[in-house]
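Reviewing the structure listed below.
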Amino acid sequence: AAGLPLTGFGRDRYRIEQELRGRAGPVSLLLTATESGQEGSKPTGRFIAHEAYADLVIGGERISVGKKQLSGDVAYGFRPIDVLQRESRLQLAPPPLEGIPMLSWDNFSSQGAWSLVLANPGHGRRGEARDDGSIALRLYRREGSADLHGVLRHSGRLGMEFGGAVSAVPGEALELHASLLQQTRGERRVPAADGAGTAQLLNADAALLTEGIANPRKALIGGTWTTADGYSLLGEVWWDGTAPAAADWQRLRRQARQRAALLGLPGVPAAAVAGATAASLRIFDQGNLARRGALARLAWSDSASGWSASLDLLGSLDDGGRIVTAAVAWQGERLRVDAGLRRHGGPGDSAFGLLPDRAAAFVGLSLAY
2 AAGLPLTGFG RDRYRIEQEL RGRAGPVSLL LTATESGQEG SKPTGRFIAH EAYADLVIGG
62 ERISVGKKQL SGDVAYGFRP IDVLQRESRL QLAPPPLEGI PMLSWDNFSS QGAWSLVLAN
122 PGHGRRGEAR DDGSIALRLY RREGSADLHG VLRHSGRLGM EFGGAVSAVP GEALELHASL
182 LQQTRGERRV PAADGAGTAQ LLNADAALLT EGIANPRKAL IGGTWTTADG YSLLGEVWWD
242 GTAPAAADWQ RLRRQARQRA ALLGLPGVPA AAVAGATAAS LRIFDQGNLA RRGALARLAW
302 SDSASGWSAS LDLLGSLDDG GRIVTAAVAW QGERLRVDAG LRRHGGPGDS AFGLLPDRAA
362 AFVGLSLAY
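Note that the sequence shown covers residues 2 to 370 in this note's numbering.
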């Protein structure tokens, strides 16, 4: 708790977006003007070109250049082969995805497609993996009732990443999917090793370390059962070799307690305790917090009335943490209304049990014009 005033956890917040989509000849645009604010801070505004790219035909070949969203995979809760966009899934009221600067050579046929993508051209290694310069080959093939996806990416940070995914529909009501990624190198944020002295515990720059991992894998398997009257049940389980382990979350809790115990001691500035504790909370910025995760989602929708509802249970199988989200929505001709409640829980040293936000309620209004 000592570090929370220096973070955005536990604060009421809002976001107002004005989004303009358009196409002029070969150029596609997605422009967003955003005002956002949170309790205790001044509002901020941004104008972002989330997408701005041109689709061209040069010498009979299809070329795309500009800034474009490059998501790709078949899963819902976690997407192992989404190696370009690296979308953070299951966010509460997520913002629009910001595209990746890219140059791609695309080929399409009635049964498949492939793209050779130069992402972030001219970039070397940047702050996050999605901003690194890389080259990737993306493949798609339709085989009967199955969609097949493949990806091969190379970057200086992670070396070679390659994987595939499949989504099949064996019957009218059942869909099955799976995804697998193998990396040459990986990395994750973890707390510093135990046994640190007072000086290291109070060093905000040393609160977290970026740990390299050799040959990590990511895998997911899941499926969806849908009924004729609008109900659906989705289930997924996954392994993420680059997510923090249960021991990492236990160490985070121990070190938070050690810092808290330093408060009030002679020569220990309260600001240093707060700063180091707040810095350690950056571990929650990683896209996936559950190394062995599971998701169950029960949903219902009625196209005639425009109403829909869902109940999600996300669990960490390593440490028993969980997130429960209930949501309801109504979609009219131009207006959409969303509302919901999310609750974090589990053991106090689990990934989701350690989240400083214990619960959150949200309301969203969207108007098309």
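Beta carbons: idealized from backbone N, C-alpha and C, even for Gly.
#1: Hey, could you find the ends of the alpha helix (DSSP H) residue 199 is sitting in?
#2: Touch check for the segment 98-117 and the segment 64-83: three-plus C-beta pairs under 8 Å?
#3: Classify residue 86 as buried or exposed, calling it buried when 16 or more other Cβ atoms lie within 10 Å of its own Cβ.
#4: Are the segment 240-251 and the segment 300-313 in contact at 8 Å, needing three or more beta carbon pairs?
#5: Considering residue 278, what are the terminal residues of the alpha helix (DSSP H) in which it resides?
#6: Which residues mark the beginning and the end of the beta strand (DSSP E) in which residue 260 is found?
#7: Tell me, which residues are paired with residue 108 by DSSP?
#8: Along the chain, where does the beta strand (DSSP E) containing residue 319 start, and where does it finish?
#9: Taking the DSSP output, what are the residues bridged to residue 20?
#10: What is the rounded straight-line gap between the Cα of residue 61 and the Cα of residue 211?
#11: To which residues of the same chain is residue 12 closer than 7 Å at the C-beta, ignoring the five residues directly before and after it?
#12: Using the Cβ count rule (16 or more neighbours within 10 Å means buried), how would you classify residue 172?
#13: With DSSP run on the structure shown, which of helix, strand or coil describes residue 291?
#14: By how many angstroms is the C-alpha of residue 255 removed from the C-alpha of residue 333?
#15: Residue ranges of each beta strand (DSSP E) run of no fewer than 3 residues wholly in the segment 126-189, ordered along the chain?
#16: Taking 8 Å as the cut-off, decide whether the C-beta atoms of residue 219 and residue 266 are in contact.
#17: Give the single residue among 189, 144, 217 and 124 whose Cα lies nearest to the Cα of residue 162.
#18: Evaluate residue 290 with the Cβ neighbour count: other Cβ atoms within 10 Å of its Cβ, from every protein chain shown; 16 or more gives buried, anything less gives exposed.
#19: Are the segment 306-326 and the segment 281-297 touching by the rule of at least three beta carbon pairs closer than 8 Å?
#20: Give me, in chain order, the residues of the same chain whose beta-carbon lies closer than 8 Å to that of residue 169; leave out the 5 immediate sequence neighbours on both sides.
#21: With which residues is residue 218 paired in a DSSP beta bridge?
#22: Just to confirm the assignment, what range does the beta strand (DSSP E) spanning residue 80 have?
#23: If you drop the 5 nearest sequence neighbours on each side, which residues of the same chain put their C-beta closer than 6 Å to that of residue 308?
#24: Bridge partners for residue 345 per DSSP, in chain order?
#25: Classify residue 285 as helix, strand or coil using the three-state DSSP reduction.
#26: Rounded to whole angstroms, what's the CA-CA distance from residue 36 to residue 367? Just pull it up for me.
#27: State the Cα-Cα distance for the pair residue 128 and residue 353, rounded to the nearest angstrom.
#28: Can you tell me where the beta strand (DSSP E) holding residue 363 begins and where it ends?
#29: Ends of the beta strand (DSSP E) at residue 353?
#30: For chain C, is any of its Cβ atoms less than 8 Å away from the one on residue 330?
#31: Who are the near neighbours of residue 233 in its chain, counting only those whose CB is closer than 7 Å to its CB and skipping five residues on each side?
#32: Express the C-alpha separation of residue 134 and residue 122 in angstroms, rounding to a whole number.
Let me spell this out:
#1: Taken as a continuous stretch (DSSP letters only), the alpha helix (DSSP H) holding residue 199 covers 199-202.
#2: yes
#3: buried
#4: No: the two stretches stay apart, fewer than three of their Cβ pairs being nearer than 8 Å.
#5: 271-281
#6: First-last for residue 260: 247-263, but that is the alpha helix (DSSP H), not the beta strand (DSSP E).
#7: 115
#8: Taken as a continuous stretch (DSSP letters only), residue 319 belongs to no beta strand (DSSP E), as it is neither H nor E.
#9: 33
#10: Distance between the alpha carbons of residue 61 and residue 211 is about 45 Å.
#11: Once the five neighbours on either side are set aside, the close Cβ partners of residue 12 are 39, 40 and 41.
#12: exposed
#13: If DSSP states are grouped into helix, strand and coil, residue 291 belongs with coil.
#14: Cα to Cα, the separation comes out at about 50 Å.
#15: The segment 126-189 contains these whole beta strand (DSSP E) runs: 135-144, 147-156, 160-169 and 175-184.
#16: In this structure, residue 266 does not lie closer than 8 Å to residue 219 by Cβ.
#17: Considering only alpha carbons, the answer is 217.
#18: buried
#19: yes
#20: 146, 147, 148, 176, 177 and 178
#21: Answer is 183.
#22: Careful: residue 80 lies outside any beta strand (DSSP E) and carries neither H nor E.
#23: 331
#24: According to DSSP, which records beta bridges pairwise, residue 345 is partnered with 324.
#25: Residue state, collapsed to three classes: helix.
#26: The straight-line gap from Cα to Cα measures roughly 15 Å.
#27: 25 Å
#28: From DSSP, the beta strand (DSSP E) with residue 363 extends over 360-368.
#29: It is not in any beta strand (DSSP E) - residue 353 carries neither H nor E in the DSSP assignment.
#30: This model lacks chain C altogether, as it is built from one protein chain only.
#31: 225, 226, 227 and 300
#32: A straight-line Cα-Cα distance of about 6 Å links residue 122 and residue 134.
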